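For reference, the structure discussed in these notes is given below.
Protein chains in written order, with my numbering: chain A, 8 to 207; chain B, 8 to 207.
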């Protein structure tokens, strides 16, 4: 894999290839693109990374990634403090915010329960969630977790843990996605959509 | 596309999405991965980029990217000075070096002639190539250019420009790639492989 271009370029390629979705070939292409656009792309990117590494931290209340603590959402007086939306990662939080349909606050678990990977409740921000709910302000916890085995295991576990608090615990609806054609959907989604059918 | 995570993260996502092969979604995933691996990945990558941007330059002789000038290949006394392999970009040079079958030196054109994109000979390192050949040491110029319209236009142009010098100008062979099944090959490749057939 020697590029004959010296250790600096080799190191850059090797680090870039560790990004999700990148392999050795795309890392080489990215390196070439960076070296061609030194001032427009490479230096700004190096600086943006160093700055984000220095300044972005998880919010001590909800776990969102932000330079402020508490984060912009937690400190926004316009956000409904009676609603908490539980997500796996900051990426899911960003997706919810892009949609713009949720006006409450968040709780980032930092992962999902997984027997296979040996991830138990203590590895996640579960007790922090129970603690926030216990403060009495929250009326509903919306579980926005992936529709996978680990996601559903985690949802069941959280429902159990929150049962004593008396808050409503809900989940995102399952069904046919917008634009989804039945022919292309998996059987599980069709079955769930059928069970959860509603008056037209 | 607001991520609600502040301008630092937005800027990082937007810069990452300019890398080849990256889109907004993969840039967000990469940003999350970077923020999770601050010390193992994000800071080292920022540093590697800043260092490469600072130190890596095109070789003034052949155009290869290196921290030394002349580059490691041009200053290697073991490399055959009578052979020049002409490539479009440093990426093609790296590919040739990975193969390890070429022991001469290189010339990086910095692009291809393209009527469509308005790229003429003056935008490429053509006169530099003619100059190197004119020094009298070179016996053969091997054109390792892509088998595309622009690549072949460039190859024809270079063959013309080098005709007066009297050096041999050759091209990489065209044919069935190793492991290639006829059924999956395009017609042009099959036709070229047939015309260039050789005794078995």
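Even for Gly, the Cβ is constructed at its ideal location relative to N, Cα and C.
Only a predicted model underlies this, so the values are computations on that prediction, with no experimental measurement involved.
For residue 203(A), there are no C-beta contacts with chain B under 8 Å, since the nearest C-beta of that chain is about 28 Å from it. The beta-carbon distance between residue 151(B) and residue 115(B), rounded to whole angstroms, is 11 Å. This is too long to meet the 8 Å contact definition. Beta-bridge annotation (DSSP): residue 65(B) is paired with 72(B). Taking a Cβ-Cβ threshold of 9 Å, the residues of chain B close to residue 33(A) are 26, 27, 28 and 29, in chain order. For residue 177(A), the secondary structure class from DSSP, reduced to helix, strand or coil, is strand. Against chain B, a Cβ distance below 9 Å from residue 85(A) picks out nothing, because the smallest value is about 13 Å. Judged by DSSP in its simplified three-state form, residue 148(B) adopts strand. Every beta strand (DSSP E) stretch that sits fully inside the segment 79–113 of chain B and reaches 3 residues is listed by chain position as 90–94.
For residue 121(A), the secondary structure class from DSSP, reduced to helix, strand or coil, is strand. Using a Cβ-Cβ cut-off of 9 Å, residue 153(B) does not count as an interface residue toward chain A, since no Cβ of chain A sits closer than that to its own. Contact between the segment 132–145 of chain B and the segment 97–107 of chain B is not established, with fewer than three Cβ pairs separated by less than 8 Å. CA-to-CA, the gap between residue 99(A) and residue 55(B) works out to about 30 Å.
At a Cβ-Cβ threshold of 9 Å, residue 96(B) and residue 125(B) do not count as neighbours.
Annotation: residue 202(B) to residue 180(B) spans about 12 Å, alpha carbon to alpha carbon. In this structure residue 76(B) is exposed. Its beta-carbon is surrounded by fewer than 16 other beta-carbon atoms within 10 angstroms. Annotation: the continuous alpha helix (DSSP H) that includes residue 167(A) extends over 156–170. In chain order, 52, 55, 56, 58, 59 and 63 make up the part of chain A whose C-beta sits under 9 Å from the C-beta of residue 19(B). Non-local C-beta neighbours of residue 110(A) in its own chain, meaning closer than 7 Å and more than five positions away in sequence, comprise 86 and 87, ordered along the chain.
In chain order, 59, 63 and 72 make up the part of chain A whose C-beta sits under 7 Å from the C-beta of residue 16(B). The count of Cβ pairs closer than 8 Å, one atom from the segment 25–45 of chain B and one from the segment 13–31 of chain A, reaches three, so the stretches are in contact. By the criterion of at least three beta-carbon pairs nearer than 8 Å, the segment 61–68 of chain B is not in contact with the segment 66–81 of chain A.
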